[in-house]
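Structure, as structure tokens:
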Amino acid sequence: MDLDLDAATLEFQAEVRSWLAGHVRPLSSMDTAAGFEEHRSWERLLASERLSVVSWPEAFGGRNASLLQWLIFEEEYHASGAPGRVSQNGIFLLAPTLFAHGTDEQRARILPPMAGGDEVWAQAWSEPEAGSDLASLRSTAVRCEGGWLLRGQKTWSSRAAFADRAFGLFRTSAEGRHRGLTYLMFDLRADGVTVRPINQLDGEPGFAEIFLDDVFVPDRDVIGAVGDGWRVAMSTAGNERGLSLRSPGRFVAAAGRLVELYRKNPDPALRDRVVDAWIGAQAYRLHTFGSLANPPAGPAASVTKVFWSELDLALHETALDLLGEVAPGWRDGWLFSLAGPIYAGTNEIQRNVIAERILGLPR
Amino acid sequence: MTPEQLALRDAVRSLLGKHSDVRAAIETPDGYDEDLWARLCDIGVLPIPERYGGSGAGIAETALALEELGRTLTPSPLLSSAIAAQALLASGNEEACTRLLPRIANGAVAALVWPWDTAEVTATPVLDHPEITTAAAASESLDGTARHVLYGDLAEILLVSDGVSLFEVDDDVTREHTPTMDQTRRLATIQLSGASGTRLGPWSSGVRDIALAALAAEQVGAAARALELTVEYTKTRVQFGRPIGSFQALKHRMADLHVLVETAQSAALAATDEVSAAVAKVYCSEAFCKVAAEMIQLHGGIAITWEHDAHLYFKRAHGSAQLFGSPADHLDRLAKLVRA
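Each protein sequence line maps, in turn, to chains A and B.
Residue numbering for the first sequence follows our numbering, beginning at -6 and increasing consecutively.
Residue numbering for the second sequence follows our numbering, beginning at 10 and increasing consecutively.
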């Protein structure tokens, strides 16, 4: 594998590195009202340099960067210690869905404010009785004049406490589990929407429940065909499980910090685990570069999801064992890493996908 | 378990079932329920002989009570006071035992500053422990900073060991409550600068082994309860039309956790000397951390919420693993002990 970068990519890398060095500063937690707005401002700043969505077409605020350049951007981004992306659900999950299944009108209307941080999106998939078994969801969209009325309850919706809009799956007909689901977008401030923030294990409202009571959604906010929502959703799931939500840059940067930590607190008993975590991050990076021509999608994304979520846990646990106590710089990442094997489809579900759809084992 | 021990365990379990409310306790200024603590003292869970005003319970009985307190994560000074009482007994100072142990038996909170990982008593007249920096004279002027001292800020009776002797300290001490992520465990930082310490007698390294065994019992109780809660949840949570606990992938994991908890309990029960106490500390720390992590994963999204108790078990597991020296510290000690 040739990892030498071409001149244009090197130039891009230098630009990104220099810009980040001049602009990155610590922000408050994005799971607080004030911190959320700080993160929104950061998104606007990124967008002002067309750095918020580098791989998107220029018309929507991007730079038409190649996948390789996007990976390089991510590496620079995480290495610089830049803030978490408050718009990640939109730019990494909804946007790829719109590129694949949306209309030109939807892309032109929705993508630019998403890229600019003016509209922050939350994902509304899980329900109290539909987690791993997502297809059993019960929230409905009922036909009405000019659109749909949403009814039901969504939960574990990250960022929803402060976000502007949400996208999710709704049952539009009673036939079949997977058939009869439709993918819709709705306004979190619309009439009939009640958002109840849920405090996470760190005490901050990182996600929320969403109650929907006859919330009107116009026809133009249906993505894909009515009744085809499951297929549309699974293309987003591939993005969430695969590399877009968790690019290697994040883990390579964290592994680098772990090695630094070891240099300051050498403990021979933990040396192997430090090196294992570092190797894991490098392996994920090389795997990603190696699959650039054919990025993991569908069932293959389950492989990366299991890999990065377990790597993230191991990496943070090793850091804590080195420190002997929970240092502020590692605390949030550690607690967040606990959720990794749960969100975007639990690792139990990912293993089922790998076993049944890749290995062909009987159901 | 003797009939008396069984009765004690049942009494503690019943008391905690009725009165323990960990969420309410951690919201109080001192972080524990004083009424509940008084009732525990009445039951006689402290390891203090009758001749010093105690119930005559031994460390085995205290361990049973700690196991129960671990199950419910009930914040309580028991671990702290029990270790301090054992240090006093080991000092052989009749006057101090007569004067202080009845107070402790009555519920006065006692705290002990001690060198967690000193493998043996050394003759060095300094507080030669990493937790105790800038240590000086061991005689009667004590200097140093000790972190993660159980109930150090609330204790009425404060004992300090430099790894050689045991001192009673009552002034020139700065005590500060230093919260950690585990809100169910009261910890403090104590600064001694020229504090006048009364030398009570020799420090016994056996106190370390008692402390490790006691902590291991508490860890086992918490791990066992965390697993019970997880098993209960997977029996009632339905996905794909069946309880998730019926899926073999989850069943096998919980079966493995059961094996882990049972063996951890054996390790805790067997912890009676230097080697077995270190083994228990390592094994029970790792077992509890493992069970708590699996508790979160098997509960899924609900376990990431503040409302659910899974994070309390998880944070207790990791805090306990570090208390009195990390598993790695004790593995290091064990390696030397086994090699010797």
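Yeah, the Cβ is synthetic: ideal placement off N, Cα and C, and Gly gets one too.
- Beta-bridge annotation (DSSP): D221 of chain A is paired with A:L174.
- Setting aside the 5 residues that flank it on each side, D195 of chain A is surrounded in the same chain by L328, each with a C-beta closer than 6 Å to its C-beta; the list follows chain order.
- Listed along chain A, the residues sitting closer than 8 Å to D341 of chain B by beta-carbon distance are A262.
- Contact residues of the region 74 to 102 of chain A toward chain B are absent (C-beta to C-beta distance below 9 Å).
- Cβ contact annotation for G326 of chain A (same chain, cutoff 6 Å, sequence separation greater than five): H309, in chain order.
- With contacts defined by Cβ atoms closer than 8 Å, S330 of chain A and L313 of chain A do not form a contacting pair.
- Think of a sphere of 9 Å around the beta carbon of N258 of chain A: no beta carbon from chain B falls inside it, the nearest being about 11 Å out.
- Measuring C-alpha to C-alpha distances from I65 of chain A to each of A:R350, A:I191, A:W323, A:L(-2) identifies A:L(-2) as the nearest.
- Counting only runs that start and end inside the region 125 to 193 of chain A, there is no alpha helix (DSSP H) element of at least 4 residues.
- Put simply, the region 314 to 321 of chain A does not touch the region 241 to 249 of chain A. Fewer than three CB pairs are less than 8 Å apart.
- A distance below 8 Å separates the beta carbons of D181 of chain B and S202 of chain B.
- Counting the other Cβ atoms within 10 Å of the Cβ of L15 of chain B gives fewer than 16, which makes it exposed.
- At least one CB atom of chain B sits nearer than 8 Å to the CB of L331 of chain A.
- By the neighbour-count criterion, in which a residue is buried when 16 or more other Cβ atoms sit within 10 angstroms of its Cβ, E177 of chain B is buried.
- Excluding sequence positions up to five before and after A128 of chain A, its CB lies within less than 6 Å of the CB of R170, H171, all in the same chain and listed in chain order.
- In the displayed model, I311 of chain B falls within a helix according to three-state DSSP.
- Rounded to whole angstroms, the Cβ separation of A225 of chain B and A289 of chain B is 4 Å, and the two are in contact under 8 Å.
- Taking a contact to require three or more Cβ pairs closer than 8 Å, the region 129 to 140 of chain A and the region 181 to 201 of chain A do not qualify as touching.
- For L194 of chain A, the closest Cβ of chain B is nearer than 8 Å.
- Secondary structure note for T90 of chain A: its alpha helix (DSSP H) is the uninterrupted segment 88 to 94.
- Identification of chain B residues near P106 of chain A by a Cβ-Cβ cut-off of 8 Å yields none; the smallest Cβ-Cβ distance measures about 29 Å.
- A residue is called buried when at least 16 other Cβ atoms come within 10 angstroms of its Cβ; T96 of chain A does not meet this threshold and is exposed.
- Within chain B, the residues whose beta carbon sits less than 8 Å from that of S119 of chain A are G310, listed in sequence order.
- Using a Cβ-Cβ distance cut-off of 8 Å, the region 251 to 258 of chain B and the region 43 to 60 of chain B are not in contact, since fewer than three pairs of beta carbons, one from each stretch, lie closer than that value.
- Unbroken alpha helix (DSSP H) stretches of 4 residues or longer found wholly inside the region 222 to 280 of chain A: 222 to 234, 241 to 257, given in chain order.
- In this structure, the alpha-carbon of R22 of chain B lies about 20 Å from that of S275 of chain B.
- Measuring C-alpha to C-alpha distances from L20 of chain A to each of A:A14, A:V9, A:W35 identifies A:W35 as the nearest.
- Collapsing the DSSP output to three states places A119 of chain B in a strand.
- By the neighbour-count criterion, in which 16 or more other beta carbons inside 10 Å mark a residue as buried, H308 of chain B falls on the buried side.
- The C-beta of W46 of chain B comes no closer than 8 Å to any C-beta of chain A.
- The criterion of a C-beta distance shorter than 8 Å is not satisfied by G139 of chain A and T175 of chain A.
- For the options B:C293, B:H339, B:T314, B:S285, the alpha carbon positioned closest to that of A231 of chain B is the one of B:C293.
- Here F204 of chain A is not near Q116 of chain A, since their CB atoms are 8 Å or more apart.
- For S90 of chain B, the enclosing alpha helix (DSSP H) covers residues 87 to 100.
- Within the same chain, and ignoring the five residues on either side of P111 of chain B in sequence, the residues whose Cβ sits closer than 7 Å to its Cβ are Y61, G62.
- In the structure shown, T83 of chain B adopts coil according to DSSP, grouped into three states.
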